[in-house]
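Novice: Just so we're aligned: the sequence shown equals residues 5 to 378 in the numbering used here. Even glycine gets a Cβ: it sits at the ideal position worked out from N, Cα and C. Okay, handing you the structure first.
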Amino acid sequence: MEFSFDLKARDGKARTGVISTPRGEIRTPAFMPVGTAATVKAMLPGSVRDTGADILLGNTYHLMLRPTAERIDRLGGLHTFMNWDRPILTDSGGFQVMSLAGLRKLTEQGVTFKSHIDGSKHELTPERSMEIQRLLGSDIVMCFDECPALPAEKSAIAESMRLSMRWAERSKAAFGDRPGHALFGIQQGGLEEDLRAESAEALRDIGFDGYAVGGLAVGEGQEAMFSCLDFAPDQLPVDKPRYLMGVGKPDDIVGAVARGIDMMDCVLPSRSGRTGQVFTRRGVLNIKNARHQDDPRPLDDACTCPACRSYSRAYLHHVFRSQEIISSMLLTWHNLHYFQEIMAGMRAAISEGTFSDWEKSFYALRAQGDIEQL
5 MEFSFDLKAR
15 DGKARTGVIS
25 TPRGEIRTPA
35 FMPVGTAATV
45 KAMLPGSVRD
55 TGADILLGNT
65 YHLMLRPTAE
75 RIDRLGGLHT
85 FMNWDRPILT
95 DSGGFQVMSL
105 AGLRKLTEQG
115 VTFKSHIDGS
125 KHELTPERSM
135 EIQRLLGSDI
145 VMCFDECPAL
155 PAEKSAIAES
165 MRLSMRWAER
175 SKAAFGDRPG
185 HALFGIQQGG
195 LEEDLRAESA
205 EALRDIGFDG
215 YAVGGLAVGE
225 GQEAMFSCLD
235 FAPDQLPVDK
245 PRYLMGVGKP
255 DDIVGAVARG
265 IDMMDCVLPS
275 RSGRTGQVFT
285 RRGVLNIKNA
295 RHQDDPRPLD
305 DACTCPACRS
315 YSRAYLHHVF
325 RSQEIISSML
335 LTWHNLHYFQ
345 EIMAGMRAAI
355 SEGTFSDWEK
365 SFYALRAQGD
375 IEQL
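Structural data, given as C-alpha cells:
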C-alpha cells in the first residue's frame with residue numbers, strides 16, 4: 005500500500021479524512037501522542053492505542069543520542085523496539101536546533117551541537133536527519149528545518165525560512181524513493197503572511213506527501229497563532245495533509261482544526277498528567293488541590309477512561325500527593341483519552357456538517373468550569 009490522503013468532508017475550513025499507510029489508517033483530524041524516547045511516558049503502547057490514537061510521534065534528536073538510530077535499526081526498527089505496530093511520525097530534530105541554541109553552531113551545512121546528556125559533539129544535517137529517520141523506520145518523515153524563536157526581526161525570520169527551504173530540497177533528495185513512507189515539508193515564516201506564502205510556494209515546487217505549519221507555539225501566544233493560522237493553511241495544497249507542529253491545549257486544537265489543520269502533536273497531556281494537571285470537558289483542574297481530598301466523584305462524570313470509571317478524585321489526590329507511580333499512569337491515560345475524544349467529536353461533527361454547533365458547545369461547557377464539591 006502506498007501513502008495516501010482521502011479528504012472525506014469539509015465544514016467551513018474544518019476537514020476530516022483518512023491518511024492511509026502500510027501500517028494502518030490515520031483518521032483526521034488526528035492528535036499524535038508524543039513518545040519522545042520511544043515511549044509515551046507512564047503508558048503502555050496498548051493503553052495508548054486504547055485511548056483512540058492512530059499514530060505516535062518519536063523524536064529524532066533524542067533517539068539519535070540514546071540509544072542511537074543504528075542500535076534501533078539493528079534491533080528491528082522503532083516499531084518493533086517500542087512494541088507499536090501502528091504508524092509513527094518522527095520530527096527532524098529541527099526544533100532542538102532552536103531549543104538547544106546555547107549548545108549548537110548553525111551553518112549552511114547543518115548544525116553542530118553538544119549532547120545535553122554527556123557533552124559529546126554531533127552534527128545534524130538534512131542528509132543525516134533523513135538517514136536517522138530511515139534507520140528508525142518512520143512512516144512519516146519530517147524535513148530538517150530551522151525554527152526561529154518568536155518574537156524576532158522579519159529579516160532574521162526571512163533568512164531562517166530561506167535556509168529551511170534549501171534544507172527542504174536537500175531533505176527531499178536524501179529521502180529518495182521509499183514506497184509506503186511519506187516525507188512532509190515544513191512551512192516557515194513566523195507570523196508574516198508574505199514569508200509564509202514564499203515558503204509554501206517553495207515547498208509546493210519541491211513536492212511533498214504532506215505539509216506542516218512550523219514555527220508556531222514557540223512563545224507567540226494563542227491570538228497571534230490563530231491570526232497566522234487564518235491564512236497559513238490556505239497557502240498549502242488542499243489535497244495533502246496539513247500538520248500543525250507542537251500544538252497544543254484543547255482550545256488550541258479546536259481552533260486549529262477550525263482553520264483547516266488535520267494533524268497535531270503535543271507533550272501537554274502526558275506531561276500534565278505527571279504534574280497533576282487534568283483536562284476535562286469543564287476545563288482544567290489540579291488534582292493536588294486540597295478540595296479533592298474528600299471528593300468521591302470521578303474527574304469527569306461523562307468520561308469512560310479507567311481513571312474516571314474506577315477511581316475517585318479523593319484517591320487520585322492521595323496517590324499524587326504520595327508520589328505513587330499509578331498517579332502518573334491514570335492521569336496521563338485520562339488526559340490522552342480526553343484529547344482523543346475531542347478529535348473523535350470533531351471528526352463526527354465535520355462529517356455531519358455540524359462543526360459550528362459542536363464548537364459552540366465545546367467552549368460553552370468549558371466556560372462553566374469545574375463543579376465544586378457540594
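Going by C-alpha distance, which of 285, 152, 298 and 338 is nearest residue 278?
Specialist: The candidate whose alpha carbon is nearest that of residue 278 is 338.
Novice: To the nearest whole angstrom, what separates the beta carbons of residue 287 and residue 270, a pair I think is in contact under 8 Å?
Specialist: At roughly 17 Å, the Cβ-Cβ gap does not stay under 8 Å, so residue 287 and residue 270 are not in contact.
Novice: I'd like the list of long-range same chain contacts for residue 330, defined as Cβ closer than 6 Å, with 5 residues on each side in sequence excluded.
Specialist: 323
Novice: Can you list, in chain order, the residues of its chain with a C-beta nearer than 6 Å to that of residue 444? Leave out the 5 residues immediately preceding and following it.
Specialist: Given that the chain is displayed from residue 5 to residue 378, the structure contains no residue 444 and the question cannot be resolved.
Novice: Could you give the DSSP three-state label for residue 348: helix, strand or coil?
Specialist: helix
Novice: Just list the beta strand (DSSP E) runs in the region 233 to 318, keeping only unbroken ones of 3 residues or longer that don't cross its boundaries, in chain order.
Specialist: The region 233 to 318 is shown to contain whole beta strand (DSSP E) runs of 3 or more residues at 246 to 248, 267 to 270, 281 to 284 and 287 to 290, in chain order.
Novice: Take every Cβ of the region 29 to 41, pair it with every Cβ of the region 256 to 274, and state whether three or more of those distances are shorter than 8 Å.
Specialist: yes
Novice: Are the CB atoms of residue 312 and residue 320 within a distance shorter than 7 Å?
Specialist: Between residue 320 and residue 312, the gap from beta carbon to beta carbon reaches 7 Å or more.
Novice: Who does residue 126 pair with in a DSSP beta bridge?
Specialist: DSSP lists 117 as the beta-bridge partner residues of residue 126.
Novice: Tell me which same chain residues have a C-beta within less than 6 Å of the C-beta of residue 17, skipping the five on either side of it?
Specialist: 263 and 264
Novice: Looking only at DSSP bridge pairs, what is residue 29 linked to?
Specialist: 24
Novice: In the DSSP assignment, find the alpha helix (DSSP H) that holds residue 78 and state where it starts and stops.
Specialist: 73 to 78
Novice: Note down the Cα distance separating residue 67 from residue 375, rounded to an integer number of angstroms.
Specialist: 42 Å
Novice: Is residue 194 buried or exposed, if buried means 16 or more other CB atoms sit within 10 Å of its CB?
Specialist: buried
Novice: With burial defined as no fewer than 16 other Cβ atoms inside 10 Å of the residue's Cβ, what is the status of residue 347: buried or exposed?
Specialist: buried
Novice: Alpha carbon to alpha carbon, what distance is there between residue 124 and residue 252?
Specialist: 32 Å
Novice: Sort 63, 217 and 203 by Cα distance to residue 93 and report the nearest one.
Specialist: 63
Novice: At what residues does the beta strand (DSSP E) containing residue 191 begin and finish?
Specialist: 186 to 191
Novice: Would you mind working out which of 42, 61, 47 and 205 sits nearest residue 34, comparing C-alpha positions?
Specialist: Comparing alpha-carbon positions, the option among 42, 61, 47 and 205 lying closest to residue 34 turns out to be 61.
Novice: Is any beta-carbon of chain D found at less than 7 Å from that of residue 323?
Specialist: The chain labelled as chain D is not found in the depicted structure, where only one protein chain is given.
Novice: DSSP on residue 8, reduced to helix/strand/coil?
Specialist: The answer is strand: DSSP assigns residue 8 an E or B state.
Novice: Going by the DSSP bridge assignment, what does residue 109 pair with across the sheet?
Specialist: Secondary-structure assignment with DSSP links residue 109 through a beta bridge to 116.
Novice: With DSSP as the reference, label residue 375 as helix, strand or coil.
Specialist: coil
Novice: For residue 8, collect the residues of the same chain with a Cβ closer than 7 Å to its Cβ; drop the 5 residues on either side in sequence, then sort them by chain order.
Specialist: 24
Novice: When the Cβ atoms of the region 34 to 44 are set against those of the region 340 to 354, are three or more pairs found closer than 8 Å?
Specialist: With three or more CB-CB distances shorter than 8 Å, the region 34 to 44 counts as touching the region 340 to 354.
Novice: Give me the Cα-Cα distance between residue 230 and residue 290, rounded to the nearest whole angstrom.
Specialist: 27 Å
Novice: Residues in the same chain with beta-carbon distance under 8 Å from residue 109, minus the five sequence neighbours each way, listed in chain order, please.
Specialist: 115, 116 and 117
Novice: Where does residue 13 sit, in a helix, a strand or coil, going by DSSP?
Specialist: strand
Novice: What do you get for residue 44, buried or exposed, if any count of 16 or more other CB atoms within 10 angstroms of its CB means buried?
Specialist: Only buried fits residue 44, as 16 or more other CB atoms lie within 10 angstroms of its CB.
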